[in-house]
Amino acid sequence: MSRDDGAWKWGTYGRDQTPAAGLPRAAALAPDSLYTADGRYARAFDRDGTFRWQTAYPENSGGEARIYGVLPTGDGVLLGGHGRLSVFDSNGDYQWTFADTGGSGATYPALAADELYVAGPGPLLSLSPRSSPESLLGRPPSTEWVSDAPGGPTWPVVTDEYVVLGDTDRAGGGRTRGNLHVYRRDGTHVRSISSDGGHSHLAVASDQSAVLYGTGVFGDVEGTVTALDLSSGETRWTREDLSVAEWGTSLVVAGDTCLFAEATDGHSARVHALDVATGETRWVLATERTPEALIVAGSQVYLATAGGLVAYE
Numbered sequence: 001m002s003r004d005d006g007a008w009k010w011g012t013y014g015r016d017q018t019p020a021a022g023l024p025r026a027a028a029l030a031p032d033s034l035y036t037a038d039g040r041y042a043r044a045f046d047r048d049g050t051f052r053w054q055t056a057y058p059e060n061s062g063g064e065a066r067i068y069g070v071l072p073t074g075d076g077v078l079l080g081g082h083g084r085l086s087v088f089d090s091n092g093d094y095q096w097t098f099a100d101t102g103g104s105g106a107t108y109p110a111l112a113a114d115e116l117y118v119a120g121p122g123p124l125l126s127l128s129p130r131s132s133p134e135s136l137l138g139r140p141p142s143t144e145w146v147s148d149a150p151g152g153p154t155w156p157v158v159t160d161e162y163v164v165l166g167d168t169d170r171a172g173g174g175r176t177r178g179n180l181h182v183y184r185r186d187g188t189h190v191r192s193i194s195s196d197g198g199h200s201h202l203a204v205a206s207d208q209s210a211v212l213y214g215t216g217v218f219g220d221v222e223g224t225v226t227a228l229d230l231s232s233g234e235t236r237w238t239r240e241d242l243s244v245a246e247w248g249t250s251l252v253v254a255g256d257t258c259l260f261a262e263a264t265d266g267h268s269a270r271v272h273a274l275d276v277a278t279g280e281t282r283w284v285l286a287t288e289r290t291p292e293a294l295i296v297a298g299s300q301v302y303l304a305t306a307g308g309l310v311a312y313e
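Residue numbering for the sequence shown follows UniProt numbering, beginning at 1 and increasing consecutively.
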């Protein structure tokens with residue numbers, strides 16, 4: 001959808017493209033491809049929505065594993081699942097799996113310059129690929145350094161200077177409080193910030209001066225979106241009137257706009273366009289299905305839902 005008016009573009013709903021019941025779909029955009037994964041299959045589409053390939057996830061032996069992070073590389077895609085990171089090439093062929101993440105919980109990858117980061121059930125890991133990060137085919141990487149952050153993380157975000165991720169303490173299955181951790185790229189801890197609710201979503205401002213994050217508490221429809229100055233640790237603004245309904249959905253930054261997919265119930269949602277500098281609302285779009293992933297590319301926004309993919313312009 002256009003960041004100005006949210007006009008609808010196209011969707012890829014169709015046979016064999018719907019995840020199994022209860023399986024969220026994760027998605028990510030490459031220069032010439034759109035990748036999705038739901039634990040049962042990894043899929044690739046052309047940027048105009050044309051279906052290219054579908055490959056069964058090799059670690060899914062009888063069960064239905066959730067995929068948390070989808071990250072394209074120069075010649076393939078990284079998939080973060082339950083305590084493991086797997087790689088497929090651009091043709092859908094399986095390459096390798098890194099499983100030394102400290103447990104069997106959510107695993108999220110991040111890639112920047114010559115470094116590959118993995119936030120998993122254990123601490124944040126910095127991995128050294130066997131070849132250049134843009135060519136992750138071949139053997140799995142080795143561990144460079146390990147942070148002191150606890151498990152239960154979010155997807156890490158990386159700037160030229162920092163790596164930022166959140167963790168979540170849970171009580172009775174719900175998110176009760178969490179910490180936002182800021183590290184330098186060499187693993188040095190800068191600060192940790194505590195708040196109510198888990199840090200479900202992170203995104204970096206276009207000028208890399210701030211990180212925006214959403215928090216939510218299990219069973220509570222109220223949540224927050226906050227902008228934090230990375231150099232000072234001070235809060236720039238907070239919105240406390242956005243619904244996050246249990247685990248929340250997605251938050252991204254595109255230029256001077258922050259898009260937040262607000263879950264309203266199990267069947268619908270609203271996408272809020274917020275001003276990155278002030279947090280003020282620019283526009284709101286209602287959607288028929290709750291987005292599991294929200295991706296921005298130029299003038300288009302892609303929503304991955306339980307029913308398929310939808311593009312807005």
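Built from N, CA and C at the ideal position, the CB exists for glycine as well.
- Between the C-alpha atoms of residue 104 and residue 255 there is a straight-line separation of about 35 Å.
- Take the alpha-carbon of residue 295 and the one of residue 304: they are about 8 Å apart.
- Under DSSP, residue 179 shares a beta bridge with 167, 194.
- Residue pairing for residue 270: DSSP places it in a beta bridge opposite 262, 286.
- Distance from residue 92 to residue 42 at the Cβ level is roughly 7 Å; contact confirmed, criterion being Cβ atoms closer than 8 Å.
- In the structure shown, the three-state DSSP call for residue 236 is strand.
- Counting other Cβ atoms within 10 Å of its Cβ, residue 298 stays below 16 and is therefore classed as exposed.
- Rounded to the nearest angstrom, the gap between the Cα atoms of residue 72 and residue 53 is 15 Å.
- When the Cα atoms are used, residue 270 and residue 66 turn out to be separated by approximately 24 Å.
- Annotation: the continuous beta strand (DSSP E) that includes residue 94 extends over 94-98.
- Between the alpha carbons of residue 50 and residue 192 lies a gap of roughly 43 Å.
- Rounded to the nearest whole angstrom, the CA to CA distance from residue 142 to residue 187 is 16 Å.
- Listed as beta-bridge partners of residue 276 by DSSP are no residues whatsoever.
- Distance from the CA of residue 162 to the CA of residue 309, rounded to the nearest whole angstrom, comes to 32 Å.
- Under the three-state reduction of DSSP, residue 128 is assigned to strand.
- Distance check between residue 81 and each of 32, 107, 182, 259 places 107 closest, using alpha-carbon atoms only.
- Around the Cβ of residue 38, a 10 Å sphere holds 16 or more other Cβ atoms; the residue is buried.
- Residue 203 is bridged by DSSP to 212.
- Secondary structure note for residue 44: its beta strand (DSSP E) is the uninterrupted segment 41-45.
- Separation of the CB atoms of residue 90 and residue 75 is rounded to 5 Å, and the pair is thereby assigned contact status at 8 Å.
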